[in-house]
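Colleague:
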Amino acid sequence: MAEIMNNEPPQSSFLGGSVARIKALAKKNSVTLLRNPILLFFIVWIPAIEMIFVGIAFGSDPKYLKIGVVNHETNNTICSKYNPKRGECAWRNLSCVYLNHVPEDTVELIPFGSEYDAESAVVLGETWGYLVFPKNFSSQMYQSSVLGSKVNLSVLTSRDIIGRLDETNKHISSASKQRFTKPNQILFQPCYQTVEWIQKIQSSLRYQKPIFGKDDTDMREYAAPNLSLTAAFFFPIISIGLRFIDEKKCGMMERSLVAGVKTWEIA
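Quick note: the sequence shown uses my numbering, first residue 101, plus one each step.
Laid out in structure tokens, this is it:
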């Protein structure tokens with residue numbers, strides 16, 4: 101009987117053989133990628149380029165948003181540039197002080213004579229919403245500070261800043277709300293020293309029912325477009341990847357590249 105030769109490597113050299121095979125595969129794959137620049141570009145740079153284009157598509161924060169203002173405190177006239185000294189608590193023309201703190205590079209304020217005119221401008225697509233200041237805004241704010249915890253509900257509601265926005269574009273409506281929240285913090289901090297009262301003043305800006313859209317967008321409305329884009333972009337990538345794997349199993353592509361065939365000739 102012929103002697104059966106045991107060609108299996110010793111147990112001690114098993115790990116070393118695996119490392120050697122991994123090195124050989126890594127060198128072979130590196131040479132294949134270097135000889136195939138299109139594949140290298142596809143694997144390395146396409147994801148980075150896609151992320152750059154996604155960032156460009158989203159863009160930066162919206163600027164020069166047209167927002168209407170109905171200021172009954174100043175008889176619906178344009179506010180004068182009145183700013184109190186830093187740290188000074190002034191209880192006059194608070195609506196104008198508030199509007200002067202709204203950043204001009206991101207929000208363009210347009211005065212209107214009535215809520216009807218302001219809402220009509222939103223319906224016509226001329227503005228993204230409007231703010232309404234009550235007639236006795238400054239005096240009601242002062243009265244609420246004097247009464248303190250004894251202030252009644254009528255005083256609190258009469259010094260509310262009413263806002264109505266077009267919520268069809270969630271990104272723009274969120275940016276608008278953010279621009280109008282910061283002036284509250286800057287305006288009333290010198291007058292209210294306690295954190296509790298600062299939080300109550302911040303809540304004076306109240307948003308009513310949106311003119312268009314809704315402010316409670318369901319999560320599925322965000323997920324559905326993302327899933328559609330994923331299917332549109334990644335299914336071709338998956339099919340191409342499967343094609344490369346199939347070619348790798350057959351070895352046809354590697355043998356062709358080694359023989360000197362160009363990638364565009366294979367395509």
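The beta-carbon is built from N, C-alpha and C at its ideal position, and this holds for glycine as well.
To the nearest angstrom, how far is the alpha carbon of Glu-226 from that of Thr-281?
Modeller: As a first step, residue 226 is located in the sequence shown; it is residue number 126 there, counting from the start. As a first step, residue 281 is located in the sequence shown; it is residue number 181 there, counting from the start. Approximately 23 angstroms, taken between the alpha carbons.
Colleague: Can you round the beta-carbon distance between Leu-165 and Trp-228 to whole angstroms, since I take them to be within the 8 angstroms contact cut?
Modeller: One-based indexing of the sequence shown puts residue 165 at position 65. One-based indexing of the sequence shown puts residue 228 at position 128. Indeed, because the Cβ distance is near 5 angstroms, the residues count as touching under 8 angstroms.
Colleague: Spatial neighbours of Gly-360 within its chain, please: CB distance less than 7 angstroms, with the 5 preceding and 5 following residues excluded, ordered by chain position.
Modeller: Residue 360 sits at position 260 when you count from the first residue of the sequence shown. Here the set comprises nothing.
Colleague: Going by alpha carbons, who is nearest to Lys-314 out of Arg-264, Phe-334, Pro-336?
Modeller: Residue numbering aside, residue 314 sits at position 214 when the sequence shown is read from its first letter. It is Arg-264.
Colleague: Please go through the same chain and pick out, in chain order, the residues whose beta-carbon is closer than 6 angstroms to the beta-carbon of Asp-260, but skip the five residues on each side of it.
Modeller: Mapped onto the sequence shown, residue 260 falls at position 160. These residues qualify, in order along the chain: Ser-304, Arg-306.
Colleague: Considering Cα atoms alone, identify which of Ser-195, Ala-275, Asp-161, Ser-118 is closest to Ile-262.
Modeller: Taking the sequence shown and counting its residues from 1, one reaches residue 262 at position 162. Nearest option by C-alpha distance: Ser-195.
Colleague: Give the DSSP bridge partners of Lys-166, in chain order.
Modeller: By 1-based counting over the sequence shown, the position of residue 166 is 66. Answer by DSSP bridge pairing, in chain order: Glu-208.
Colleague: Inspect the beta-carbon positions of Thr-132 and Lys-163 and report whether they are closer than 8 angstroms.
Modeller: Position 32 of the sequence shown holds residue 132. Position 63 of the sequence shown holds residue 163. In this structure, Lys-163 does not lie closer than 8 angstroms to Thr-132 by Cβ.
Colleague: What does DSSP give as the partner residue(s) for Phe-312 in the beta ladder?
Modeller: Reading the sequence shown from its first residue, position 212 is the one you call residue 312. Paired residue(s): Asp-266.
Colleague: Hey, quick one: how far does the beta strand (DSSP E) through Val-232 stretch, first residue to last?
Modeller: On the sequence shown, position 132 is the one that residue 232 refers to. Boundaries of the beta strand (DSSP E) around Val-232: 229–233.
Colleague: Can you give me the Cβ contacts of Met-352 inside the same chain, cut-off strictly under 6 angstroms, excluding the 5 residues immediately before and after it?
Modeller: Within the sequence shown, residue 352 is the residue found at index 252, counting from 1. Excluding positions up to five away in sequence, the list is empty.
Colleague: Alpha carbon to alpha carbon, what distance is there between Gly-168 and Ser-328?
Modeller: In the sequence shown, counting from the first residue as 1, residue 328 sits at position 228. In the sequence shown, counting from the first residue as 1, residue 168 sits at position 68. Computed Cα separation, rounded: 36 angstroms.
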